[in-house]
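**Student:** Numbering (this note's numbering), first residue to last: 1 to 158.
Cβ coordinates follow ideal geometry from the N, Cα and C atoms, glycine included.
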């Protein structure tokens, strides 16, 4: 049996550093990192540096999109239509994917952050639209979700 030691990473934003130095130390103990993609935390420079470090240490990376909620760190529910949510998630996925691609790194997984993770666990329309889009765009991407949740059931059936 293989166990994936996973952690959220790259959550600094501009002048606000979160986990400054801790990300570097923690990354030596994990096998995969959820990289913040800019809506709840993270910025392009932080994303790039996190990818560089993961590549150097052999840590797999995945997109960690959140609601548009920098002030609340993605822990607040933001009312949006399923299409708006999926558009935002694909935008964030694309940003990380291209920053990784420049460095020759492929994304391993997709794991929504905080309130968005919980929203997709119960909103069938948003979950279905996301899974359908991920299958079309990134069929080999792993989807991290809560066992028994709506999104996991949809991913298993599709």
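Assuming the contact rule is C-beta atoms closer than 8 Å, residue 140 and residue 64 should be a hit. Round their C-beta distance to whole Å, please.
**Tutor:** One-based indexing of the chain shown puts residue 140 at position 140. One-based indexing of the chain shown puts residue 64 at position 64. That pair is no contact at about 18 Å.
**Student:** With distance defined between alpha-carbon atoms, name the residue in 34, 2 and 29 nearest to residue 11.
**Tutor:** Numbered from its first residue, the chain shown carries residue 11 at position 11. Of the listed residues, the one whose Cα sits closest to residue 11 is 34.
**Student:** I need the DSSP call for residue 3, collapsed to helix, strand or coil.
**Tutor:** The sequence position of residue 3 within the chain shown is 3, counting from 1. Residue state, collapsed to three classes: coil.
**Student:** Go ahead and pull the three-state DSSP assignment for residue 170.
**Tutor:** Residue 170 is absent from the model: the chain starts at 1 and stops at 158.
**Student:** If you draw a straight line from the alpha carbon of residue 68 to that of residue 95, how long is it in whole angstroms?
**Tutor:** Here residue 68 refers to the residue found at position 68 of the chain shown. Here residue 95 refers to the residue found at position 95 of the chain shown. For residue 68 and residue 95, the distance between alpha carbons rounds to 15 Å.
**Student:** From residue 148 to residue 2, what distance separates their C-alpha atoms?
**Tutor:** For the purposes of this step, residue 148 is identified with residue 148 of the chain shown, where counting begins at 1. For the purposes of this step, residue 2 is identified with residue 2 of the chain shown, where counting begins at 1. Here the alpha carbons of residue 2 and residue 148 stand approximately 21 Å from one another.
**Student:** Check for me: the beta strand (DSSP E) holding residue 63 runs from which residue to which?
**Tutor:** Taking the chain shown and counting its residues from 1, one reaches residue 63 at position 63. From DSSP, the beta strand (DSSP E) with residue 63 extends over 60-64.
**Student:** Here's the rule: buried if 16 or more other CB atoms are within 10 angstroms of the residue's CB, otherwise exposed. What is residue 46?
**Tutor:** Stepping through the chain shown from its first residue, residue 46 is reached at position 46. Its Cβ being crowded by 16 or more others within 10 Å, residue 46 is buried.
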